[in-house]
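Notes follow the structure.
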Amino acid sequence: MEAGHKQILRGVVVVSVSLCFVRFFAEKEKLQHPGYLLKFTMARTTTEANVNGEVVTVVDKLGELSVSEEEVTSEPSAPGTPETSVSSQPQYSFVPFEPHPGYPKSRISLVNRFIDQPRELRVAVIGGGLSGVLAGVLLPAKVPNIKLTIYEKNYDFGGTWLENVYPGVRCDIPSHVYQSTFEPKLDWSDQFAGGAEIRDYWQSVAKKHNVYRYARFHTKVEGLNWNDTESVWEVTIKNLQTGKTITEKADSVITAIGRFNAWKLPSYPGIAEYKGVLRHASHWDPSFDPSGKAVAVIGNGASGIQLVANLQPSVARLDHYVRNPTWIAASWAGDVRQAGPQPYSDEQIALFKSDPDAYLKFRKEMEDKYWRRFNAFFRGSKDSTELRERFTQIMHERLAKKQELIEHIVPDFSPNCRRLTPGPGYLEAISEPNVEYIRTRIRRFTETGIETEDGKERKVDAIFCATGANVSQVIPFPVIAKGKNLQDAWNPELKGKSDEHHGFPYTYLGVATPGFPNLFFLQGPHGTGPSGTVPHSAETQLTLLAKILRKLGREGIKSIVPSRKAADDFVEYSDAFFSSTVLTDNCSSWYNGGRPGARIHGIWPGSAGHLTVVRQHPRWEDWEYEYLGETGNRFQWYLGNGWTSREADPQSDMTPYLRRPGEKVELRDVHESWWNLP
98 MEAGHKQILR GVVVVSVSLC FVRFFAEKEK LQHPGYLLKF TMARTTTEAN
148 VNGEVVTVVD KLGELSVSEE EVTSEPSAPG TPETSVSSQP QYSFVPFEPH
198 PGYPKSRISL VNRFIDQPRE LRVAVIGGGL SGVLAGVLLP AKVPNIKLTI
248 YEKNYDFGGT WLENVYPGVR CDIPSHVYQS TFEPKLDWSD QFAGGAEIRD
298 YWQSVAKKHN VYRYARFHTK VEGLNWNDTE SVWEVTIKNL QTGKTITEKA
348 DSVITAIGRF NAWKLPSYPG IAEYKGVLRH ASHWDPSFDP SGKAVAVIGN
398 GASGIQLVAN LQPSVARLDH YVRNPTWIAA SWAGDVRQAG PQPYSDEQIA
448 LFKSDPDAYL KFRKEMEDKY WRRFNAFFRG SKDSTELRER FTQIMHERLA
498 KKQELIEHIV PDFSPNCRRL TPGPGYLEAI SEPNVEYIRT RIRRFTETGI
548 ETEDGKERKV DAIFCATGAN VSQVIPFPVI AKGKNLQDAW NPELKGKSDE
598 HHGFPYTYLG VATPGFPNLF FLQGPHGTGP SGTVPHSAET QLTLLAKILR
648 KLGREGIKSI VPSRKAADDF VEYSDAFFSS TVLTDNCSSW YNGGRPGARI
698 HGIWPGSAGH LTVVRQHPRW EDWEYEYLGE TGNRFQWYLG NGWTSREADP
748 QSDMTPYLRR PGEKVELRDV HESWWNLP
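Sequential numbering from 98 applies to the sequence shown in my numbering.
Have a look at this one:
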């Protein structure tokens, strides 16, 4: 059948009730058109009649038209002779498109779909931590016809809170702040929850919202390859239980691998020769008993500080190796932290459960503090100066037993150059006589301990490396598109090799990067603001990603990628913004990928509120698109057959925008709901 003839056969169905017409498509019904068979699907109940040579069908639900080249062999009944009739139902008739012979002929044919009928999108999320769980909750709710898969290398959801089980592991953000905005937990046991309780919370969110149906546990992603012919990502995955490696396809990929997930042991000479217990803090052995032992802890980031504070009371000796000084804060929001648990009372928990208004007031007051700390990030600001003075005073007071440590531990750089670490009990622990605070650099490991550059060897039973993770944010597996590997493009060691070797996470708004279509980052580079909270930031970023995915699904876009100019402009803006902040002081942090003086890429160039606004309003002009179909016409697939599915359903609500008289209308929301259009 010729393409032009196919187009003539595409049509609409109308119902005649007096002078009114209602569109429809009928299930498994065959409507006759000279020489061909037309089928309609998706209806629940139908009857058929033949009136004046045309088939008339009654249906109660919308369907979809398809054209078959099978010739019609049955003869129609005599004109006016009904085969069946249902007087209680309106009658529908098929009216074909009949192009006017004198009208200009188009080079394209219509695609028989409703404009509000999105295509299926296969979306792969890599990572099942906090962000992965939120993706499993929000994306299915926000993206129609999504087929979601969450690849997670561990046996369950939880991410860093599943993997980290070292003594004292807990969040240094208050429990009631470090949770989703839509699933508040009212009975947190402690003001600063332990790792296990946080893990259980995020797993409970996943269970409540049935996120487990999307999960592929024990599955490690080993590579991504963009198939330019099909406009899909080929995802190479390895089953860690069977060792089997296969490749699956996804229309879009979202990396949610976290900032602190790729832990690694340091590469000190002789580390393989050490005969004692050697562990990374993120790979703790719960069976290890530190009582009465001599141990070493390397590193003074969050995990190192927590380890020292918790091991010190039980060990015989603790050697604490520190490369750089760090600020020990009261808390992120200025509240005073204390060593040990800070449990909520039964009365407080009962109040939260019984009085929603009281709980909302409590949480808003607590979370508000995290949105109002932005000014302290600016060099020379009053808040930054006062913060330095306050932290210096606190550290002097808490180091009263070992005043000689002050010159070694108080930094020259400003607070907030590195991520603040409250560290309750840490300064008190390193002031105890069984702890040695060592700033001399490590030369090598020996069979029995650690030798420093001054030639001194300290023998220990166990060494714990709290040396963090790979904070460069380079993707930990090959990502290949159009002959380029994203790993190489972001690798600091390859910076300047070509125009494509940026040497840092080069992105557009921290959500995507030029040259790698349909690849998105969740809580990766520039993923959070200096202020605000991580769960809220993940939720707003997922809302932006949902808008992008809806655009792909509804508009016939097979690939979307930010333009090089847009990414260049964003990097240029970021450099201008960060230059006036304390983030560019001479310190090593995950903000700069652990490279003092390097570009800041770990945090957003603006406040958390600023970031929220950016994510609410996508700049579609900054993206480049390729469309479905061979013609490249951007409207062929998108505009479809000119109809909406509601118009084809006689039982649909065509006027959802109308309200009861007197009902309050929020004018800002009028006609804004993407999910409720006629």
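Idealized CB from N, CA, C, for every residue including glycine.
Starting from the C-beta of residue i, find all residues in its chain whose C-beta is less than 6 Å away, skip the five residues before and the five after it, and write them out in chain order.
i, result
"I560", "L375, A393"
"K244", "E217, R219"
"H698", "F601, P602, P622"
"S349", "V220, N615"
"T630", "V274, Y467"
"P264", "N407"
"R651", "P215"
"F357", "T257, A566"
"K450", "L283"
"I446", "D284"
"W720", "I657, P659"
"A635", "S228, L231, Q620"
If we define contact as Cβ-Cβ less than 8 Å, is residue i a contact residue for chain E?
i, result
"V710", "Looking at the structure shown, chain E is missing, and only one protein chain is on hand."
Quick check on the burial criterion: 16 or more other C-beta atoms within 10 angstroms. Buried or exposed for residue i?
i, result
"T604", "buried"
"R538", "exposed"
"G330", "Before going further, note that residue 330 is Trp rather than Gly in the sequence given. Classification of W330: buried, given that the 10 Å Cβ count is 16 or more."
"D596", "exposed"
"F279", "exposed"
"G624", "buried"
"T728", "exposed"
"E550", "exposed"
"T339", "exposed"
"S364", "exposed"
"W772", "exposed"
Taking only three categories from DSSP, how would you classify residue i?
i, result
"L736", "helix"
"P602", "coil"
"I270", "coil"
"K466", "helix"
"T326", "coil"
"K317", "strand"
"E597", "coil"
"Y688", "coil"
"P632", "helix"
"F474", "helix"
"D213", "coil"
"L207", "coil"
"Y534", "strand"
"D287", "strand"
"E525", "helix"
"L517", "coil"
"E721", "strand"
"V308", "helix"
"I425", "strand"
Using C-beta distances below 7 Å, list every residue in its chain close to residue i, excluding the 5 sequence neighbours before and after it, in chain order.
i, result
"Y252", "F314, H315"
"V266", "G291, G292, Q403"
"N242", "P215, R216, E217, L218, G650"
"H505", "P422, Y534, R536"
"I368", "L362, F542"
May I ask which residues mark the beginning and end of the beta strand (DSSP E) holding residue i?
i, result
"E544", "Taken as a continuous stretch (DSSP letters only), E544 belongs to no beta strand (DSSP E), as it is neither H nor E."
"S301", "S301 -> not in any beta strand (DSSP E); alpha helix (DSSP H) instead, spanning 292–305."
"L778", "Past the boundaries of the shown model lies residue 778; the chain is included only from 98 to 775, so the question cannot be answered."
"S656", "654–659"
"L619", "Neither: L619 is in no beta strand (DSSP E) and is coded neither H nor E."
"L764", "L764 -> no beta strand (DSSP E), and no H or E assigned at all."
"H417", "414–418"
"E550", "From DSSP, E550 is part of no beta strand (DSSP E); its letter is neither H nor E."
Below 8 Å CB to CB, which residues in the same chain sit around residue i once its five sequence neighbours on both sides are set aside?
i, result
"K761", "none"
"N531", "Q409, V412, A413, R414, L415"
"I503", "M492, H493, L496"
"F617", "S349, V350, I351, T352, V608, A609, L642, I645"
"C684", "N421, P508, F510, C514, R515, P693"
Taking the alpha helix (DSSP H) that residue i belongs to, which residues open and close that run?
i, result
"S451", "443–451"
"W587", "583–587"
"F776", "Nothing about residue 776 can be read from this structure; the chain reaches only from 98 to 775."
"R712", "705–713"
"V394", "Element bounds for V394: not the alpha helix (DSSP H) but the beta strand (DSSP E), 391–395."
Inset, instruction - Note down, one range per segment and in chain order, each beta strand (DSSP E) of at least 3 residues found wholly within the stretch 337–384. - result: 342–347, 349–352, 374–377
Inset, instruction - May I have a chain-ordered list of the alpha helix (DSSP H) segments no shorter than 4 residues that lie completely inside the stretch 222–249? - result: 227–239
Legend entry - In chain order, each beta strand (DSSP E) run of at least 3 residues that lies wholly inside the stretch 559–585: 559–562, 576–578
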